[in-house]
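Notes follow once the structure below has been shown.
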Amino acid sequence: MAITTEVPSAAVFPRIHAFETLLAAWARIEHNDGAAGVDGVTLDEFELGLETNLRTLERDLCDRLYRPQPLLAASLPKPSGGRRALAIPTVRDRVAQCAAALVITPLLEPEFEVASFGFRRRRGVPDAVAAVRRCYEQGYRWVVDGDIDNFFDEVDHARLLARLQQSIPDPELLGLVQSWLTAPLQDGTTLVERVRGLPQGAPISPVLANLYLDRFDEALLRRGLRLVRFADDFLILCKTRPKAEAALELTEAILEELSLALDPEKTRVTHFDQGFRYLGHLFARSLVVASPNRLQRQEALDAPLAGTPGASEAPAGPVPRRLRVVKPTANDTLIARALGDALRAAGRQSLVLPESAPSPLPEPAAATAVPAPAPGRVESEPSSVEAAEPPASPRRAATPFRRTLYIQEQGSVLAREGERLVVRKGEDILLDVPAAKVDHVFIFGRCAITTPAMTFCLQEEIPVVLLSTRGQYYGLLDSPAGDRVSLHRQQFARAADPAFCLATAKAIVQGKLANCRVLLQRQHRRKRLEEGARAIADLDQIVGRLPAAETLEEVHGHEGHGAARYFDAFARILQQDLGFAGRVRRPPTDPVNSLLSFGYTLCFYNLYALVRARGLHPYVGYLHLMRDRHPALASDLIEEFRAPIVDGLVLYLVNSRILTAADFYRSKVEPGGACLLRDPARKTFLKHFEQRMATSILHPRAGESVDWRRAMDLQVAHMAQWIRGEVGEYRPMEVR
Numbered sequence: 001m002a003i004t005t006e007v008p009s010a011a012v013f014p015r016i017h018a019f020e021t022l023l024a025a026w027a028r029i030e031h032n033d034g035a036a037g038v039d040g041v042t043l044d045e046f047e048l049g050l051e052t053n054l055r056t057l058e059r060d061l062c063d064r065l066y067r068p069q070p071l072l073a074a075s076l077p078k079p080s081g082g083r084r085a086l087a088i089p090t091v092r093d094r095v096a097q098c099a100a101a102l103v104i105t106p107l108l109e110p111e112f113e114v115a116s117f118g119f120r121r122r123r124g125v126p127d128a129v130a131a132v133r134r135c136y137e138q139g140y141r142w143v144v145d146g147d148i149d150n151f152f153d154e155v156d157h158a159r160l161l162a163r164l165q166q167s168i169p170d171p172e173l174l175g176l177v178q179s180w181l182t183a184p185l186q187d188g189t190t191l192v193e194r195v196r197g198l199p200q201g202a203p204i205s206p207v208l209a210n211l212y213l214d215r216f217d218e219a220l221l222r223r224g225l226r227l228v229r230f231a232d233d234f235l236i237l238c239k240t241r242p243k244a245e246a247a248l249e250l251t252e253a254i255l256e257e258l259s260l261a262l263d264p265e266k267t268r269v270t271h272f273d274q275g276f277r278y279l280g281h282l283f284a285r286s287l288v289v290a291s292p293n294r295l296q297r298q299e300a301l302d303a304p305l306a307g308t309p310g311a312s313e314a315p316a317g318p319v320p321r322r323l324r325v326v327k328p329t330a331n332d333t334l335i336a337r338a339l340g341d342a343l344r345a346a347g348r349q350s351l352v353l354p355e356s357a358p359s360p361l362p363e364p365a366a367a368t369a370v371p372a373p374a375p376g377r378v379e380s381e382p383s384s385v386e387a388a389e390p391p392a393s394p395r396r397a398a399t400p401f402r403r404t405l406y407i408q409e410q411g412s413v414l415a416r417e418g419e420r421l422v423v424r425k426g427e428d429i430l431l432d433v434p435a436a437k438v439d440h441v442f443i444f445g446r447c448a449i450t451t452p453a454m455t456f457c458l459q460e461e462i463p464v465v466l467l468s469t470r471g472q473y474y475g476l477l478d479s480p481a482g483d484r485v486s487l488h489r490q491q492f493a494r495a496a497d498p499a500f501c502l503a504t505a506k507a508i509v510q511g512k513l514a515n516c517r518v519l520l521q522r523q524h525r526r527k528r529l530e531e532g533a534r535a536i537a538d539l540d541q542i543v544g545r546l547p548a549a550e551t552l553e554e555v556h557g558h559e560g561h562g563a564a565r566y567f568d569a570f571a572r573i574l575q576q577d578l579g580f581a582g583r584v585r586r587p588p589t590d591p592v593n594s595l596l597s598f599g600y601t602l603c604f605y606n607l608y609a610l611v612r613a614r615g616l617h618p619y620v621g622y623l624h625l626m627r628d629r630h631p632a633l634a635s636d637l638i639e640e641f642r643a644p645i646v647d648g649l650v651l652y653l654v655n656s657r658i659l660t661a662a663d664f665y666r667s668k669v670e671p672g673g674a675c676l677l678r679d680p681a682r683k684t685f686l687k688h689f690e691q692r693m694a695t696s697i698l699h700p701r702a703g704e705s706v707d708w709r710r711a712m713d714l715q716v717a718h719m720a721q722w723i724r725g726e727v728g729e730y731r732p733m734e735v736r
């Protein structure tokens, strides 16, 4: 039985129109993409004036001036044939609905039953399939395969609002939901009034659908029936045919009380021996297999409607991964024989159900800007499209580093014209630079790159890093690394040598902690902080103990202890109280951690590109463990550069008050939510980051003046020499 939640009415509506909630809702809407509504405003156009649009929506909701616009009629083809009617709200209305869903879903979730799997956080199609499988194994072989006739078109508004009021007695919330339910539908030039139903395509509809059908779930479970429901599609599993037929009659009566009815063409009593389809899977005896088009639709079926909470959550719970295939016999039905033939034709004797999507790349995680500039405005200092060029310094001809291109003016396009790279937005040219002078490209958010420009970058081995507007890593366009097989073999052989890994890890950690100590020493000379002096002494002791470490675990322990002492002192050096108490990565919860994460991200992918350029395999590391989707070697090499490049820059920006608390958003929707860097502040950070990368230093081994990017390349080359056995020891990059 579900739990009824007591909700203070005054606590709900203000949380919906809070700017932090609207910001989180926009992130969900942007992630799920989608078409424009009746006003024609696309996601790109809404994002161009994001902060203004969200502030206006916040004010209209708060002042009770908000009115939803009509829904746009649209349709999508169904996998089973025919078309599914959609009613699409405007982007502004989708943000408001998603904000409401973010607030009310956690309040309603305790009331929902375990038999409900659709549109719920960490519950999806694999969990529903697993529940059906468990029922089969427990002897429930008779099945009521039911479908509610036109459910989304037949929901009674009065019943739904009464149910919502019972759970969350907030009149303002009820008025808001009612305005969304009754918004007219614009079909061509005709406005159609809506007196029943939930609009398919609206972010608020999934949670309201589950709320409406919760009474249905309760009534069946209260009578001891086995129910598996996904939206309006459900199964009732029984041990005998009479019980299944009685369950069907009971279902019809319960639905009638809810002003609903079964679809007679899609509802039947069947048996596992006869076979049936449910949620894109075929069930026949003990066999369960995804339909041929199921794997292509897995994500769409598992996820809630666009913009709803839990849309990107991987399903949790026990899901059987391998299911036995029953050899067909003369008594098998046609569907069972067809399934067996299909599996034999594919050469399989077992089926592996689809796993959840792999996790993105690990630290350095990004925590960056959200709002975009107002429409039509192109900032010049710093520009949204920046090409930061360092001053001339001694370089090797093989690695002529010139410019890093940061493209973040939303809606702009990177193209190639002859031997030049050009960034355009509409008819305007934002940047025109010789292609030979570009060595990295970072693309933020809804910016595009043409095929000729992409081809040029691949041919010239210019990595293109793709990130969200907030700096979340999406991927990297890079040339294949198949021409250095012998070097890669050496890397893997070295990774299998514990002595080599231990020696490398010790050197890397020594360099990292030594550079942390130098940064603290420089600050201590100016401020004479007692905590700084103690941390410097502790780091000296930890570095002194490193040579005696006999295992990688001991090295990691020294590294963790040193990092903790370093960041304790780092917090005391900061001259603004920005809530920094230590390193927090996923997500960064204060401005300082947000800056550190963003800087580490930029530094990380610069190193990743240099590793690839030198022919090394970026995923074979020696300090960090090798695992899928983790460039361990880049993670190894960044350790020596964190303090001198990023940490020093963050101290400068904070202590000089170039960036302050006003340059960040704080998400209060969830405990420990991310602290996000504003768009103009991100441009400021990028400008200073490139200035830092262009700073000349005296390289301790080369004995010449180089900039930081060149220093990174020299360190990557030194690592390659160490792997090949061309040098007797790996010497970390240590600043003086």
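Numbered per the working numbering, the sequence shown spans residues 1 to 736.
For glycine and all other residues, C-beta sits at the position ideal for the given N, C-alpha and C.
For D432, the closest of H624, L161, I407 by C-alpha to C-alpha distance is I407. The beta carbon of I429 is closer than 8 Å to those of V422, V423 in its chain, skipping five residues each way along the sequence. Taken through DSSP and simplified to helix, strand or coil, H281 comes out as strand. With a cutoff of 8 Å on beta-carbon distance, V144 and A247 are scored as near each other. Between E111 and D214 a beta carbon distance of about 6 Å is seen, short of the 8 Å cut, so the two are scored as contacting.
For G579, no alpha helix (DSSP H) segment is defined, and its DSSP state is neither H nor E. With distances taken between CA atoms, L539 lies nearest to A564 out of A564, A549, R525, G411.
Between A128 and V228 the beta-carbon gap is near 5 Å, inside 8 Å, which marks them as a contact.
Within 10 angstroms of the beta-carbon of G621 lie 16 or more other beta-carbons, which makes it buried.
Per DSSP, the unbroken beta strand (DSSP E) holding V289 starts and ends at 287 to 290. Distance from V509 to L623 at the Cβ level is roughly 7 Å; contact confirmed, criterion being Cβ atoms closer than 8 Å. Rounded to whole angstroms, the Cβ separation of C457 and L477 is 7 Å, and the two are in contact under 8 Å.
With distances taken between CA atoms, A448 lies nearest to E409 out of P498, E409, A569, L513.
Inclusion of N515 and L574 in the CB contact set at 8 Å is not warranted, their separation being larger than that value. For the options L596, P631, G201, the alpha carbon positioned closest to that of R612 is the one of P631.
Short of 6 Å from the beta carbon of L181, and not among the five residues preceding or following it, lie these beta carbons of its own chain, in chain order: H157. Bounds of the beta strand (DSSP E) holding L71 are 71 to 77. Taking 8 Å as the cut-off, the Cβ atoms of V716 and L637 count as close. Using a 10 angstroms sphere on the CB of T105, the tally of other CB atoms reaches 16 or more, which defines it as buried.
Here V288 is buried. Its C-beta has 16 or more other C-beta atoms within 10 Å. Counting along the chain, the unbroken beta strand (DSSP E) around P434 starts and ends at 428 to 434. Within the stretch 690 to 734, the complete beta strand (DSSP E) segments of 3 residues or longer fall at 696 to 698, 705 to 707, listed in chain order. In its chain, beyond the 5 residues on either side, A36 have a beta carbon closer than 6 Å to the beta carbon of T42. The Cβ atoms of A495 and M693 do not sit closer than 8 Å to each other. Rounded to the nearest angstrom, the gap between the Cα atoms of L546 and G560 is 12 Å. Nearest to Q521 by alpha-carbon distance, out of I16, A533, L616, is A533. Annotated three-state conformation of L43 is helix, per DSSP.
When DSSP states are grouped into helix, strand and coil, Q200 belongs to the coil group. Burial check for T240: the Cβ neighbour count within 10 Å stays below 16, so the residue is exposed. Rounded to whole angstroms, L173 and D147 show a C-alpha spacing of 30 Å.
Following the DSSP letters along the chain, one finds K425 in no alpha helix (DSSP H) but inside the beta strand (DSSP E) bounded by residues 420 to 425.
Here the alpha carbon of L610 sits roughly 31 Å from the alpha carbon of E550.
Cβ neighbours of Q200 within its own chain (closer than 6 Å, five residues either side excluded): L86, F152. Between H688 and G118, the alpha-carbon positions lie close to 47 Å from each other. Within the same chain, D217, L221, L227, V228, R229 come within 7 Å of A115 by CB-CB distance, once the 5 residues on both sides are set aside. Inter-residue distance for E461 and P452 is about 14 Å (C-alpha atoms, whole angstroms).
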